[in-house]
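First residue of the sequence shown: 71, per my numbering; consecutive thereafter. C-beta atoms are modelled at their ideal positions from N, C-alpha and C, and glycine is treated no differently. Here's the structure, in structure tokens; my notes come after.
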Amino acid sequence: MSLIEECSSISLRIQKLEALLNRISAQHPVWPDVMNEYKSRLAGQRGEKSMYFHLSMLSDSKYHIFHGIRLLYRGFFFQIDFLVLCAAFALVLEVKNRGGELKFEKEFNQTTCKKNGQAERIKNPVLQAQLQAKKFKGWLEEHNFRDFPVHYLFVNSNEKTLILSDPGNEPITRHICNSEVVIEKIDQLANYHLIDKLDAKELRKLKRLLLSKHTLENPDILKQFNLSPNEIPTGVKCPTCDYIPIEYRNGTWCCPKCNMKSKTAHIPAIDEYFLLIKPSITNAELRAFLHIDSIRVAGKILATMNLPSTGKYKNRVYYQPHPGDNRCQTRP
């Protein structure tokens, strides 16, 4: 069973989108855009997770697999959905989870997606994969790994999707496959590249380099949707009826609308503050965000959360417990 280095930051972006949807009202002008991206990201995440099953069939003694590796090349970051690496070649996988009907048109190299009778032009995922492969090839050369073969594929993970292509479109169609065929495609490449380009030491060096150069994305969701922190509603939301803000009385959060009582309703609110506003908070900022008057009560809340902190007394700053870092996690 092959091991996959999980480097993706997609879950962090989804967490931030969820936090934003939980804070703004459905009547807010940006709410439809946020919801559309949230649904799209969830679908993409499901598609990428389905690849784990197929790629896990590869031998971990031969292949190294990276999910969501993000690298800097010529001043800009690029991210690869899945990178399959062995001593003989590398393969860039651009994974999509689109439903309906995908058609690759020879003229203008454009792609259309037809769903529920409506067709729209979308970015050509094959050209996206090609561009990522070109960037990765350049990145390798920058780090003295020259003449190393880099291939690319667009992999569709939705089993119900119908893929069509115009006649004579072989330069595009040979870089397309469904997820259940991806292992066969990798085997074909392995049979073509019979001579290793890297020895065991060089391959280990490249793997370490990839992991050390990976940079996790930490998107500014408010900036993306042209929102300021002042537009984010403050207060603790009722976990039962969603009323905001609920009140803090004698160590308990109480909802004036449904009479819900909770000792921990503030935890999601603080998490949302870290995701949306900034990854640090002071006693004064906590009081303003949770609508608490008492410095002592705010300090007690912060102390019970066991957050990392710096400074003492009124100068103490508390930090998000799991800030984004560059490390990848290995998954089977």
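Per the coordinates, the alpha-carbon of Ala89 lies some 25 Å from the alpha-carbon of Phe147. Put simply, the backbone Cα of Lys132 is about 24 Å away from that of Ile246. Boundaries for His137: no alpha helix (DSSP H) harbours it, while the beta strand (DSSP E) harbouring it runs 134-143, taken from the DSSP string. As the crow flies, the alpha-carbon of Leu87 is around 26 Å from that of Met330. Here DSSP, grouped into helix, strand and coil, assigns Tyr343 to helix.
Put simply, the backbone Cα of Arg386 is about 18 Å away from that of Ile347. In the three-state DSSP reduction, Asp151 falls in the strand class (E or B). Counting C-beta pairs with one atom in each stretch, the region 366-373 and the region 335-355 have three or more that are closer than 8 Å, which means they touch. For Leu259, the enclosing alpha helix (DSSP H) starts and ends at 252-262. The region 212-221 and the region 264-274 touch, with no fewer than 3 CB-CB distances between them shorter than 8 Å. Per DSSP, the unbroken alpha helix (DSSP H) holding Lys207 starts and ends at 195-212.
When secondary structure is reduced to three states using DSSP, Arg244 falls in the coil class, being assigned neither helix nor strand.
When the beta-carbon positions are compared, Tyr143 and Trp101 stay at least 8 Å from each other.
For the pair His213 and Tyr108, the Cα-to-Cα distance works out to about 36 Å. Here Arg278 is exposed, its C-beta having fewer than 16 other C-beta atoms within 10 Å.
Comparing alpha carbon positions, the residue from Asn261, Leu276, Phe344 closest to Tyr389 is Phe344. As the crow flies, the alpha-carbon of Asp130 is around 14 Å from that of Ala260.
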